[in-house]
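Residue numbers for the sequence shown follow the numbering used here, so the first one is 1 and each next one is one higher.
The beta carbon of each residue, even a glycine, is placed where N, CA and C say it ideally should be.
This one's a predicted model, so the numbers in the text were calculated from it and none came from an experiment.
Report on the following structure.
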Amino acid sequence: MRRWRLFSGILLLMLSVAGLIYWETEGRSRILMAEVIAADREIEAGSVISADMLTIIQIPKESRVKSGFTAGDEAELIGRTASQAIYEKQQISEFSFIVAEDDLGIGESYFVIPAAWIAMRSSALRRGDYVEIAGAGGDSAVNFGVYRLAFVKDIDEREVRDTSLIGEILSERRERKDRTDSGSVIDHVEIIATSEAYFRMRRFAADKETPSLVLIQRGDSHE
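Here it is as structure tokens:
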């Protein structure tokens, strides 16, 4: 009986040690960690992504951004163009890239709405939102329609992003109501529109002595 107890004790001790070794060498990462794609070095805005720019890092699963890419998704990123600077070891997400050319409809392109035309806009505007563009005079007949924002820029042509620790600084967009900590002040925006629609706005706004367009936020999708 004593020998059996001794044997059982030694077996339990060995199992405990083996379990501890497994936890420290592999178990912890399997249960608590996620493998995500990150930048292997700093990537400048406008760079075309190549395989050597990417690396796989392990992070706690709760720190993974919803729009991020996991190990095995590298092929989806190669050839895409960065819309903003991506820091070394920063998670790469869907919002790290410019609007794909395939997203442009027939006859559409990117057009700038300069600060001098904008009478009113929300500080919560971000790339991908939809805005209704109307005249500032309150005339309901002066309405140019709803357009998607390709970029939201500050006066130095840098993209306006959220700097909260749980926001776009980690490549995860926040809800509009939570966009309270932007890295810079909105100066102008770029919309996706046809040339006909854009030049109609320009004819209305360019010669006005005061800003004459109102950008009314309509959400993240056009319904």
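Assigned with DSSP and collapsed to three states, E132 falls in strand. Rounded to the nearest angstrom, the gap between the Cα atoms of M120 and D73 is 41 Å.
The C-alpha of G46 lies about 22 Å from the C-alpha of I56. For S195 and A150, the gap between their C-alpha atoms comes out near 15 Å. The beta-bridge partner set that DSSP reports for L125 is empty. DSSP lists no beta-bridge partner residue for G137. For R203, the enclosing alpha helix (DSSP H) has its first and last residue at 195-205. Take the alpha-carbon of M201 and the one of F144: they are about 7 Å apart. A contact is defined here as three or more CB-CB pairs under 8 Å, and the region 35-52 meets this definition with respect to the region 77-92. In this structure V112 does not touch E209 by the C-beta definition: roughly 20 Å separates them, more than the 8 Å allowed.
By the criterion of a C-beta distance shorter than 8 Å, K153 is surrounded in its chain by E159, V160, I186, D187, H188, V189, E190, once the five residues flanking it on both sides are discounted.
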